[in-house]
Amino acid sequence: MLKRSCKMKLLRMGNSKLKSVVDTFVTGSLDKIVDGAKEAAKGATGDDKIGGATNVSQDAVPADTASVNSLVKGIKTIVDVGLKKDEGSAGATKTGDTEQKSIGKLFDGSTGAGADDKKAATDAAKAVGAVTGADILQAMVKDNGDAAKLAAEVSKADPWAMIDKIQNAKTKTGVLDANTDKGSGQLATGTGVADVKAATNADLAAAVALKAMTKGGKFTQPNDNEDADISGAAVTAVNKVLGILDFIIRKTVSINLDKIREAVKGIQYSEPTTESTEASTITQPATTK
Numbered sequence: 001m002l003k004r005s006c007k008m009k010l011l012r013m014g015n016s017k018l019k020s021v022v023d024t025f026v027t028g029s030l031d032k033i034v035d036g037a038k039e040a041a042k043g044a045t046g047d048d049k050i051g052g053a054t055n056v057s058q059d060a061v062p063a064d065t066a067s068v069n070s071l072v073k074g075i076k077t078i079v080d081v082g083l084k085k086d087e088g089s090a091g092a093t094k095t096g097d098t099e100q101k102s103i104g105k106l107f108d109g110s111t112g113a114g115a116d117d118k119k120a121a122t123d124a125a126k127a128v129g130a131v132t133g134a135d136i137l138q139a140m141v142k143d144n145g146d147a148a149k150l151a152a153e154v155s156k157a158d159p160w161a162m163i164d165k166i167q168n169a170k171t172k173t174g175v176l177d178a179n180t181d182k183g184s185g186q187l188a189t190g191t192g193v194a195d196v197k198a199a200t201n202a203d204l205a206a207a208v209a210l211k212a213m214t215k216g217g218k219f220t221q222p223n224d225n226e227d228a229d230i231s232g233a234a235v236t237a238v239n240k241v242l243g244i245l246d247f248i249i250r251k252t253v254s255i256n257l258d259k260i261r262e263a264v265k266g267i268q269y270s271e272p273t274t275e276s277t278e279a280s281t282i283t284q285p286a287t288t289k
């Protein structure tokens, strides 16, 4: 509707400056946002509920690699349109090594739920609940996770760190290398590491969101139906990602509409209409005395 309205205004006003502003908005922003949303939607499909877990004592299930790649690609497209380079941080505050291993059990595809899965679920819920949506997005997309290892409390993580992670995330199918495969995309799609760690808190939260949003991904379920903590953490992560994407889209539209308003003002106050121009050039006949 917005795209059609802009073009209708162009037809009525026929101004070259306005046309240039609107065309830039439509092709440079709106079309790309729509394309990004369509691509992301390909990845966010499936019958699994958000934050789903396996049956008790069963292995975690990796997220579908193609679905994760589509989601990451779509989000990157939207972020590239509306996010400045200085918004967001690829790094984040750190969490202790013990907590890293505990949380990592939820992503593990090689062992079932252990005696300390309850603690792992609780730690994950605390971690993701304390991180803002921007951190989750940054964590999902970092190509070469060179940020420091996860080591302090996630509550202090940069809200925009996750955006950087999402748009640069890369996936890996099969067994992960505990020493090198620590990015959000790898954690969401890989298997086989009992003590898997995230490179940063943002990678951790992003991996939770990626696994929750895409086809096939399931976390290891804690004993005695204690999967509510996992589910809550996943829903929180997803909501924060969507919240930041919503902010980026609204911000992009608002900025461009302001530019269009300025162009319209130029037409109304700087460029005289044909009628007023003609009126200003008519010479009044001299009255006969």
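If you're matching positions, the sequence shown starts at 1 in UniProt numbering and goes up one per residue. We treat Cβ as the ideally placed atom computed from N, Cα and C, and that holds for glycine.
Quiz prompt | N-terminal and C-terminal residue of the alpha helix (DSSP H) that G74 is part of | solution = Here residue 74 is taken as the residue at index 74 of the sequence shown, counted from 1. That run of the alpha helix (DSSP H) goes T65 to G82.
Practice problem: Could you check which residue in R261, I255, V264 and K259 has the C-alpha nearest to that of G82? | Solution: By 1-based counting over the sequence shown, the position of residue 82 is 82. Out of R261, I255, V264 and K259, I255 has the C-alpha closest to the C-alpha of G82.
Quiz item: For T24, which three-state DSSP category applies?
Solution: One-based indexing of the sequence shown puts residue 24 at position 24. Three-state DSSP puts T24 in a helix.
Practice problem: Look at the alpha carbon of K218 and the alpha carbon of K32, and state the distance between them as a whole number of angstroms. | Solution: The sequence position of residue 218 within the sequence shown is 218, counting from 1. The sequence position of residue 32 within the sequence shown is 32, counting from 1. Looking at the two C-alpha atoms, the distance is approximately 31 Å.
Practice problem: Check whether the segment 174-187 touches the segment 203-211, taking contact to mean three or more Cβ pairs, one atom from each stretch, closer than 8 Å. | Solution: yes
Quiz item: Nearest to T191 by alpha carbon, out of D23, T24, A63 and A37?
Solution: In the sequence shown, counting from the first residue as 1, residue 191 sits at position 191. It is A63 whose Cα lies nearest to the Cα of T191.
Quiz item: How should N179 be labelled, buried or exposed, when 16 other C-beta atoms within 10 angstroms of its C-beta is the threshold for buried?
Solution: As a working note, residue 179 is residue 179 in the sequence shown. Answer is exposed; the Cβ neighbour count stays below 16.
Quiz prompt | Residues near S67 by beta carbon distance below 6 Å, same chain, minus five either side | solution = Mapped onto the sequence shown, residue 67 falls at position 67. Excluding residues within five positions, the ones whose Cβ falls inside 6 Å are G43, T214 and K215.
Quiz item: How many angstroms separate the CA atom of L176 from the CA atom of S70?
Solution: Sequence index remark: in the sequence shown, residue 176 carries index 176 (1-based). Sequence index remark: in the sequence shown, residue 70 carries index 70 (1-based). Near 21 Å, if we compare the C-alpha coordinates of S70 and L176.
Quiz item: According to the Cβ coordinates, are A202 and K165 closer than 9 Å?
Solution: On the sequence shown, position 202 is the one that residue 202 refers to. On the sequence shown, position 165 is the one that residue 165 refers to. A contact, by the Cβ cut-off of 9 Å.
Exercise. For the alpha helix (DSSP H) holding L176, just list the boundary residues, first then last.
Key: Within the sequence shown, the letter at position 176 stands for residue 176. No alpha helix (DSSP H) contains L176, which DSSP labels as neither H nor E.
Quiz item: At what residues does the alpha helix (DSSP H) containing A202 begin and finish?
Solution: Position 202 of the sequence shown, counting from 1, holds the residue named residue 202. A202 -> alpha helix (DSSP H) spans N201 to M213.
Practice problem: Along the alpha helix (DSSP H) that carries residue 355, what are the first and last residues, could you check? | Solution: This structure does not reach residue 355, given that the chain is present from 1 up to 289, and the question cannot be answered.
Quiz item: Using a Cβ-Cβ cut-off of 7 Å (strictly less than) and excluding sequence neighbours within five positions of T189, which residues of its own chain qualify?
Solution: Here residue 189 refers to the residue found at position 189 when the sequence shown is read from its first residue. Closer than 7 Å at Cβ, skipping near neighbours: P62, A63, T65, V68, T171, K172 and T173.
Quiz prompt | Neighbour-count burial assignment, G74, 16 or more Cβ in a 10 Å radius | solution = As a working mapping, residue 74 is identified with position 74 in the sequence shown. G74 comes out buried.
Exercise. Give me whichever residues DSSP pairs with V61 in a beta bridge.
Key: The residue given as residue 61 occupies position 61 in the sequence shown. V61 is bridged to K218.
Quiz item: Can you round the beta-carbon distance between V72 and A169 to whole angstroms, since I take them to be within the 8 Å contact cut?
Solution: By 1-based counting over the sequence shown, the position of residue 72 is 72. By 1-based counting over the sequence shown, the position of residue 169 is 169. Their Cβ separation, rounded to whole angstroms, is 5 Å, which keeps V72 and A169 in contact under 8 Å.
Exercise. Just tell me which of V22, D23, K76 and V21 has its CA closest to the CA of K38.
Key: Stepping through the sequence shown from its first residue, residue 38 is reached at position 38. Checking every option, the nearest Cα to that of K38 belongs to K76.
Self-check item: Proximal residues to D35 (C-beta, below 7 Å), its chain only, five neighbours per side dropped
Solution: One-based indexing of the sequence shown puts residue 35 at position 35. Taken in chain order, the residues that qualify are T77.
Exercise. Inspect the beta-carbon positions of Q167 and D246 and report whether they are closer than 9 Å.
Key: As a working mapping, residue 167 is identified with position 167 in the sequence shown. As a working mapping, residue 246 is identified with position 246 in the sequence shown. In this structure, D246 does not lie closer than 9 Å to Q167 by Cβ.
Self-check item: Same chain, Cβ closer than 7 Å to I248, five either side skipped, listed in chain order
Solution: Here the question's residue 248 lines up with position 248 in the sequence shown. Same-chain partners within the cutoff: I78, V79, G82 and L83.
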